[in-house]
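2 protein chains.
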Amino acid sequence: MKFSKVPEATIRRLSTYVHHLEVLEKNGEVVVSSANLARSCGVNAAQVRKDLAYFGEFGIRGVGYYIKDLADNIKTILGLNREWRVAIIGIGNLGASLLLYKEFFKNNYKIVAAFDLNPAEVAGRVSERTGKPVEILHPDRLKEVAKDRRIDIAMITTPASEAQKVADLIAQTTIRGVLNFTPAQIQMPKGFEVKNYFFTAVLDNVAYLLRWKRR
Amino acid sequence: MKFSKVPEATIRRLSTYVHHLEVLEKNGEVVVSSANLARSCGVNAAQVRKDLAYFGEFGIRGVGYYIKDLADNIKTILGLNREWRVAIIGIGNLGASLLLYKEFFKNNYKIVAAFDLNPAEVAGRVSERTGKPVEILHPDRLKEVAKDRRIDIAMITTPASEAQKVADLIAQTTIRGVLNFTPAQIQMPKGFEVKNYFFTAVLDNVAYLLRWKRR
DNA sequence: GGATGTGAAGTCGTTCACAGCT
DNA sequence: AGCTGTGAACGACTTCACATCC
Numbered sequence: 249m250k251f252s253k254v255p256e257a258t259i260r261r262l263s264t265y266v267h268h269l270e271v272l273e274k275n276g277e278v279v280v281s282s283a284n285l286a287r288s289c290g291v292n293a294a295q296v297r298k299d300l301a302y303f304g305e306f307g308i309r310g311v312g313y314y315i316k317d318l319a320d321n322i323k324t325i326l327g328l329n330r331e332w333r334v335a336i337i338g339i340g341n342l343g344a345s346l347l348l349y350k351e352f353f354k355n356n357y358k359i360v361a362a363f364d365l366n367p368a369e370v371a372g373r374v375s376e377r378t379g380k381p382v383e384i385l386h387p388d389r390l391k392e393v394a395k396d397r398r399i400d401i402a403m404i405t406t407p408a409s410e411a412q413k414v415a416d417l418i419a420q421t422t423i424r425g426v427l428n429f430t431p432a433q434i435q436m437p438k439g440f441e442v443k444n445y446f447f448t449a450v451l452d453n454v455a456y457l458l459r460w461k462r463r
Numbered sequence: 249m250k251f252s253k254v255p256e257a258t259i260r261r262l263s264t265y266v267h268h269l270e271v272l273e274k275n276g277e278v279v280v281s282s283a284n285l286a287r288s289c290g291v292n293a294a295q296v297r298k299d300l301a302y303f304g305e306f307g308i309r310g311v312g313y314y315i316k317d318l319a320d321n322i323k324t325i326l327g328l329n330r331e332w333r334v335a336i337i338g339i340g341n342l343g344a345s346l347l348l349y350k351e352f353f354k355n356n357y358k359i360v361a362a363f364d365l366n367p368a369e370v371a372g373r374v375s376e377r378t379g380k381p382v383e384i385l386h387p388d389r390l391k392e393v394a395k396d397r398r399i400d401i402a403m404i405t406t407p408a409s410e411a412q413k414v415a416d417l418i419a420q421t422t423i424r425g426v427l428n429f430t431p432a433q434i435q436m437p438k439g440f441e442v443k444n445y446f447f448t449a450v451l452d453n454v455a456y457l458l459r460w461k462r463r
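These protein sequence lines are chains X and F, in that order.
Each residue of the first sequence is one higher than the one before, starting from 249 at the first, in the working numbering.
Each residue of the second sequence is one higher than the one before, starting from 249 at the first, in the working numbering.
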């Protein structure tokens with residue numbers, strides 16, 4: 249298979265399709281039409297069909313889509329049928345939250361390492377919250393640990409001012425995916441997949457919309 | 249002023265321009281060209297100029313943009329020059345993290361209330377972490393408190409299965425902006441500004457890109 | 001000279017509308 | 001009859017290229 253040019257927006261929507269298909273499945277539904285799935289995901293029905301069409305034909309004309317079947321197919325497309333090994337770098341408030349927030353992760357993501365400049369202090373603080381000992385490593389060990397533990401994706405949750413230093417460290421490892429939670433724009437060599445996820449930008453967007461509401 | 253049709257992507261970028269302008273200002277820079285700002289934000293220079301052109305003329309030909317001036321202008325456009333009063337609904341791991349993560353908020357966002365179905369238990373758990381007493385309210389009181397404390401924006405950090413119930417409660421209040429951190433698609437009446445911000449969708453996107461990397 | 005502001009061109013994504021299956 | 005799959009129309013956003021102004 250070779251999916252030449254799939255819009256990024258399509259990929260984002262596929263994630264939400266999976267979530268809603270799982271809800272439908274849990275409710276005992278068996279088939280769903282593009283129109284229904286579209287409604288619950290807040291998109292256009294043609295959009296659903298187009299998104300799926302990038303990857304094959306999963307429906308039955310006159311009927312719809314078998315829910316379990318479609319969910320499995322999308323998971324395979326997205327790579328959610330395999331385990332992804334994740335590291336968290338920077339265990340402040342956000343990093344610690346991600347570290348503890350097991351529910352946040354579907355079972356295909358697994359946190360296999362956590363790094364911070366003050367391993368001992370941070371480990372103490374976190375394990376106080378959990379009651380269990382927690383392993384926090386110094387970023388010096390990133391390269392070695394990334395290899396040993398086969399880390400696929402790093403999540404950067406340091407202060408913005410440290411983000412580029414972390415990115416430089418990551419560039420020297422076998423890690424190839426990065427999710428950057430800081431507002432800093434990080435530079436990485438070709439071949440790395442980097443996504444930014446800075447939540448106040450979205451908050452600013454809400455503020456803007458409220459700001460210019462007529463009334 | 250009336251900004252008929254500004255792309256949402258433009259608004260998102262304006263947030264990042266502000267961040268980078270503030271970094272430049274802190275470094276003692278005075279003027280910046282669209283080309284330089286664009287580079288540090290990872291976008292095209294024409295894009296920067298187009299984005300700004302939606303709102304006016306802020307630059308000087310042959311020179312560039314005065315950094316402080318431009319930052320102030322963008323903040324005014326986005327509504328970041330006024331205080332926005334925020335509530336967090338659902339104080340689990342993520343909600344608690346947002347509640348405590350003061351640095352996450354620029355000074356124009358202020359958390360003025362936190363809600364959870366188990367106020368007493370949750371308040372105990374959170375204040376254990378901070379050492380200070382923390383007020384957690386039952387969602388029953390949302391309408392009353394929203395009015396008294398003039399809440400502008402609600403952040404939903406409950407489990408996905410509760411999100412619609414929360415949305416229904418919000419619909420009855422004076423709150424008009426919502427940031428939904430759950431994967432559920434919430435339905436709200438006209439006149440509400442809702443943005444979804446579900447982080448595993450972005451993680452899935454990274455996984456997808458890694459999945460289909462040739463090699 | 002040099003960088004902005006902007007029409008025009010280009011690219012990308014969404015929606016329509018209907019042919020084609022079941 | 002109903003719903004998918006898809007070419008074609010449409011619309012939106014981005015990039016180019018250059019006239020304009022400091």
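C-beta atoms are modelled at their ideal positions from N, C-alpha and C, and glycine is treated no differently.
DSSP three-state call for residue i: helix, strand or coil?
i, result
"X/G276", "coil"
"X/F447", "helix"
"F/K358", "strand"
"F/I322", "helix"
"F/I434", "coil"
"F/S263", "helix"
"X/Y302", "coil"
"F/M249", "Low local confidence applies: a pLDDT of 49 at F/M249 is under 50, so the model's placement there is unreliable, and no value is given."
"F/N453", "helix"
"X/N329", "coil"
"X/K236", "The displayed coordinates of chain X run from 249 to 463. Any statement about residue 236 of chain X would go beyond what the structure contains."
"X/L458", "helix"
"F/V370", "helix"
Going by C-alpha distance, which of the options is nearest residue i?
i, options, result
"F/K323", "F/I399, F/F446, F/V393 and F/T264", "F/T264"
"X/L300", "X/N284, X/K316, X/G290 and X/N321", "X/N321"
"X/A286", "X/F303, X/E305, X/G312 and X/M403", "X/G312"
"X/F429", "F/V334, F/K380, F/D400 and F/V450", "F/V450"
"F/A362", "F/I399, F/A419 and F/E441", "F/I399"
"X/K443", "F/N453, F/V291, F/A408 and F/R261", "F/N453"
"F/L417", "F/I336, F/I315 and F/L390", "F/L390"
"X/G338", "X/A455, X/A411 and X/V296", "X/A411"
"F/P407", "F/G340, F/F353 and F/A294", "F/G340"
"F/Q420", "F/S409, F/L427, F/M436 and F/L272", "F/M436"
"X/V360", "X/L342, X/A368, X/K395 and X/N366", "X/K395"
"X/A257", "X/Q295, X/S288, X/N284 and X/H268", "X/Q295"
"X/K358", "X/P367, X/N366, X/W332 and X/R297", "X/W332"
If we count the other Cβ atoms within 10 Å of its Cβ and call it buried at 16 or more, is residue i buried or exposed?
i, result
"F/G276", "exposed"
"F/T422", "exposed"
"X/I308", "exposed"
"X/V370", "buried"
"F/Q433", "buried"
"F/D364", "buried"
"X/R424", "buried"
"X/R397", "exposed"
"X/N292", "exposed"
"X/V393", "buried"
"F/T378", "exposed"
"F/P431", "buried"
Using 9 Å as the limit for Cβ to Cβ distance, is residue i near chain X?
i, result
"F/S345", "yes"
"F/I325", "yes"
"F/S375", "no"
"F/K395", "no"
"F/D364", "no"
"F/L457", "yes"
"F/L348", "yes"
"F/V360", "no"
"F/F240", "Residue numbering for chain F in the displayed model covers 249 to 463; residue 240 of chain F lies beyond these limits and cannot be assessed."
"F/E413", "The sequence shown places Lys at residue 413 of chain F, not Glu. So no, F/K413 is outside the interface."
"F/Y445", "yes"
"F/K253", "no"
"F/I259", "yes"
"F/T448", "yes"
Can you pull the DSSP bridge partners for residue i?
i, result
"F/M403", "F/I336 and F/L427"
"F/E441", "F/G425"
"X/Y314", "X/V279"
"F/L385", "F/F363"
"F/I308", "F/G312"
Tell me, please, whether the CB atom of residue i is closer than 9 Å to any CB atom in chain F?
i, result
"X/A432", "yes"
"X/D452", "yes"
"X/L328", "yes"
"X/K238", "Residue 238 of chain X lies beyond the residue range present for chain X, which begins at 249 and ends at 463; the question has no answer from this structure."
"X/S281", "no"
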